[in-house]
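Residue numbers (our numbering): 467 to 645.
Here's the structure, in structure tokens; my notes come after.
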């Protein structure tokens, strides 16, 4: 009682709070470059600054139903894309977003290559404590939650969070279509 907490010392002055852009400006940027490249760039920038690394690799899950034989099969087919961003301090935000969009388009053009096949062919150094290609993942849930009404009973289908970690950091974003 009556004790005042001592503020923690900081090695450098605390920067002023960041300015938050209005949703309409963010929406305008995502219309030009696409939502996933904008999210990935927004994640890669601080990771590059915090880690002092110019190359940031982020994994992202993608629907894996590219083969017509899977059209009638029930189940969830997910593949993982490995996306690299090269952060150059002289690069403008528009150039970074364009780079991210190009990287994702190239990756999706090869999305039918199974992740396990990449691991076998590239044979990265193995560790039980690290993912073979990335330590950061980004997931974008961009679907409308389904509801079913059956004789007065209403059912809502909503995603459940994954309770296990497959890499060091996993960022989950949800696009609320009606928000």
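Glycine included, C-beta positions come from ideal geometry on N, C-alpha and C.
All values reported here derive from a predicted model rather than from experimental measurement.
Query raised in the report: Quick one: what's residue 544 bridged to in DSSP?
Result: 529
Requested in this report: Reducing DSSP to helix, strand and coil, say where residue 568 ends up.
Outcome: helix
**Report entry** Three CB pairs or more closer than 8 Å across the segment 568-588 and the segment 600-620
**Finding:** no
Report task. Determine, using beta-carbon pairs with one atom in the segment 554-570 and one in the segment 539-546, whether at least three such pairs fall under 8 Å. Result -> no
Report task. With a 10 Å radius around its C-beta and 16 neighbouring C-beta atoms as the bar for buried, classify residue 544 as buried or exposed. Result -> exposed
Requested in this report: Using the DSSP secondary-structure output, state which residues sit across from residue 558 in a beta bridge.
Outcome: Looking at the DSSP assignment, residue 558 forms no beta bridge with any residue, so it has no partner.
Query raised in the report: Between the beta-carbon of residue 553 and the beta-carbon of residue 511, is there less than 8 Å?
Result: yes
Query raised in the report: Helix or strand or just coil, what does DSSP make of residue 538?
Result: coil
Query - Cutoff 7 Å; reference residue 513; Cβ partners in own chain excluding five residues on either side - result: 522 and 602
**Report entry** Which of helix, strand or coil DSSP assigns to residue 621
**Finding:** strand
Query raised in the report: Under the three-state reduction of DSSP, which class applies to residue 521: helix, strand or coil?
Result: strand
Query raised in the report: If we call anything under 8 Å between Cβ atoms a contact, is residue 528 one with residue 577?
Result: yes
Query - Beta-carbon proximity of residue 547 to residue 573, cut-off 8 Å - result: yes
**Report entry** Strand pairing of residue 637, partner residues [DSSP]
**Finding:** 604
Requested in this report: Please say whether residue 559 and residue 637 have beta carbons closer to each other than 8 Å?
Outcome: no
Query raised in the report: Using the rule of at least 16 other Cβ atoms within 10 Å of the residue's Cβ for burial, across every protein chain shown, is residue 640 buried or exposed?
Result: exposed
Query raised in the report: Can you check whether the CB of residue 590 is closer than 8 Å to the CB of residue 599?
Result: yes
Requested in this report: For residue 620, count neighbouring C-beta atoms within 10 Å of its own C-beta (all shown protein chains included) and say buried if the count is 16 or more, exposed if not.
Outcome: exposed
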